[in-house]
Amino acid sequence: MSALEPRVWPLNTTLNRHGEMVFAGVSTSELVQEFGTPLFVIDELDVKEKIKQYVTAYSDAPMPVKIHYASKAYASADVLRWMVEGGLGVDVSTGGELALALAAGVPPELIVMHGNNKSMEEIERGITAGVGAIVIDSFDEIERLNRICKSLNKTIDVFIRLTVGVEAHTHEAISTAHEDQKFGLSIFSGAAEQAAIEVNSSPYMNLLGFHSHIGSQIFDPRGFELSAARVIEFCALLHKKYSFITKEVDLGGGTGIAYLPTDDPMSIADMANVIIDLVVRESEKHKIALPTLSIEPGRSIIGQSTVTLYEVGTIKPIELEGNTTRTYISVDGGMSDNIRTALYGAQYTARIANRDPLGELVQSRIVGKHCESGDIVVRDLLMASDVAPGDFIAVAASGAYHRSMASNYNMLAKPAVVAVKHESARLLVRRETEADLLALDQGLL
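Okay, so the sequence shown: first residue is 8 according to our numbering, each after it adds one.
Structural data, given as structure tokens:
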């Protein structure tokens, strides 16, 4: 238990002589004393290193490459600024994400606007702000964009989101003719082609190209291979039938990270080489001009950078069938700050963070304090048997979708977010208070 597996913990995580976890030079005890728990701790230099790896990986591509950070993974003003400073743009999928990006100073031309049900107000705000592009997801949206652009006397660059019949699963990618979902317009039913005709004929929209996102936590590049092939084949079809030249192809995000020491995702550089080669090969195969390539990483930039610190409360050994025991370790957070275990069956690794664990490893489960039997943070792990109330536990790889999907279930306040760098910690997002939770209740005014 004294070793740290670098593939799951942030880049600058170490152990001091007491076996206490230290994040970029700041110890667990220092962090919890100043900021409390639960607490999200981001290794700032880890994030910036991932940004650099992305920029470097695509720097020698034979086509222009645009990289937009998927802000749905996690967004705060400072984090979005790190992205722009590192050379990335930002993609947003709601009016709230757009508002944060603009307030943080992200240049609007670096923003790509997603969403399957953008409201009129959200679309108008994006166009007025001057976002770089809007990704069209339906025929209703084509009508809305035409109406709004006409009223504003503006034009907007757009993509059409395609459904390409590829569904990516963790560790595998299979062709499923995956039409039964809310995103995109099908290339098989004719919907995508009809949308392209309508958009291309509009005086208010400039059709840059096409967008495809096949899923998340992808280890195997075969899904990207099939997706790229179908997107570019569709581009070639439009060129042949309508002489339409696709300027840009956006293959979305989804590159996976290690949540467990046994996970073995592709490196950023290796995945980049695969994607670049795919676009080049398919473009040459279909004899179309090499388009600009866009990608939208989120989890693979922010996921490993962050740990969640919890304080242990109740310890409860439960006897199971077969003369075995599972130790339930209750912490002061739970599904309100990490819904992924309950929602997706996500798996994590964790360890005692404030000292060197000394006990033998026993079958354990880390659970939260919510009034739900499904309130599980880490379903199965081996934890030192000497874990005790008052200890602090660190859960690895909790940067993506944890704080951004947090809720106030059971009226729990959302945790604070801090960044650590060069032996110092600073607050990025303050902890909610009970006063914050009560402030919206009009019956208390």
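We treat Cβ as the ideally placed atom computed from N, Cα and C, and that holds for glycine.
Which of helix, strand or coil DSSP assigns to residue i
i: T183; result: The pLDDT assigned to T183 is 33, lower than 50, so where the model puts this residue is not dependable, and the model offers no usable value.
i: A265; result: coil
i: L46; result: strand
i: E128; result: helix
i: A140; result: strand
i: H246; result: helix
i: I118; result: strand
i: M390; result: strand
i: A279; result: helix
i: L452; result: coil
i: D270; result: coil
i: L22; result: strand
i: A353; result: coil
i: R288; result: helix
i: Y416; result: helix
i: Q311; result: coil
i: T440; result: coil
i: T332; result: strand
i: V15; result: coil
i: K376; result: coil
i: T253; result: coil
i: E367; result: coil
i: S36; result: helix
i: G320; result: strand
i: G230; result: helix
i: I383; result: strand
i: D344; result: coil
Backbone CA spacing between residue i and residue j [nearest angstrom]
i: L159; j: E104; result: 23 Å
i: Q40; j: D363; result: 19 Å
i: L11; j: S34; result: 15 Å
i: F195; j: E430; result: 55 Å
i: R168; j: N361; result: 47 Å
i: E179; j: R229; result: Because E179 sits at a pLDDT of 36, beneath the cut-off of 50, its placement in the model cannot be relied upon, and the following sentence gives the value as read from the coordinates. Taking the straight line from one Cα to the other gives about 8 Å.
i: E205; j: I74; result: 28 Å
i: T21; j: E318; result: 20 Å
i: V15; j: M120; result: 31 Å
i: E37; j: I383; result: 27 Å
i: A184; j: V256; result: Note that A184 scores a pLDDT of 35, beneath 50, so its modelled location is shaky; the value from the coordinates is reported in the next line. Going from the Cα of A184 to the Cα of V256 covers about 21 Å.
i: A140; j: R154; result: 17 Å
i: A64; j: S208; result: 37 Å
i: T332; j: T348; result: 22 Å
i: I295; j: Q224; result: 30 Å
i: G32; j: S312; result: 15 Å
i: Y408; j: N345; result: 8 Å
i: M90; j: I58; result: 7 Å
i: E289; j: L117; result: 27 Å
i: P71; j: E200; result: 25 Å
i: S78; j: D98; result: 6 Å
i: A243; j: K254; result: 12 Å
i: L447; j: Y416; result: 15 Å
i: D393; j: V314; result: 22 Å
i: I322; j: T44; result: 18 Å
i: H218; j: R24; result: 50 Å
i: R306; j: D270; result: 15 Å
Close Cβ partners of residue i (< 6 Å) along its chain, the five nearest in sequence each way excluded
i: L452; result: none
i: F42; result: A423 and V425
i: E129; result: G102
i: Y266; result: Q354, Y355 and A404
i: D85; result: L435
For residue i, the first and last residue of its enclosing beta strand (DSSP E)
i: Q224; result: Q224 -> no beta strand (DSSP E), and no H or E assigned at all.
i: A77; result: V72 to A77
i: S431; result: S431 to V436
i: S301; result: T299 to I302
i: A426; result: A423 to K428
i: V459; result: Any answer about residue 459 is impossible in this case: the structure gives the chain only from 8 up to 452.
i: E104; result: Segment G102 to A110 is the alpha helix (DSSP H) holding E104; no beta strand (DSSP E) there.
i: F30; result: M28 to F30
i: N213; result: M212 to H218
Residue i, enclosing alpha helix (DSSP H) - first and last residue
i: Y61; result: E51 to A64
i: V402; result: That residue, V402, is in no alpha helix (DSSP H); its beta strand (DSSP E) goes F399 to V402.
i: M90; result: A84 to E92
Own chain, CB closer than 7 Å to residue i, minus 5 neighbours either side, in chain order
i: S83; result: V424, L435 and V436
i: A420; result: R438, E439, T440, E441, D443 and L444
i: S182; result: Because the pLDDT at S182 is just 34, under 50, the model does not fix this residue reliably, and the point stays unresolved.
Close beta carbons around residue i, own chain, < 8 Å, minus the five adjacent residues each side
i: E56; result: L18
i: A202; result: I143, F146, I149, I167 and L192
i: K157; result: Y211
i: P268; result: E12, R14, V15 and T356
i: E456; result: Look at the range of the chain in this structure, 8 to 452, and you will see that residue 456 is not part of it.
i: I282; result: P228, F231, A235, L258, L300 and I302
Integer Cβ distance of residue i from residue j, believed to fall under 8 Å
i: V427; j: V48; result: 6 Å
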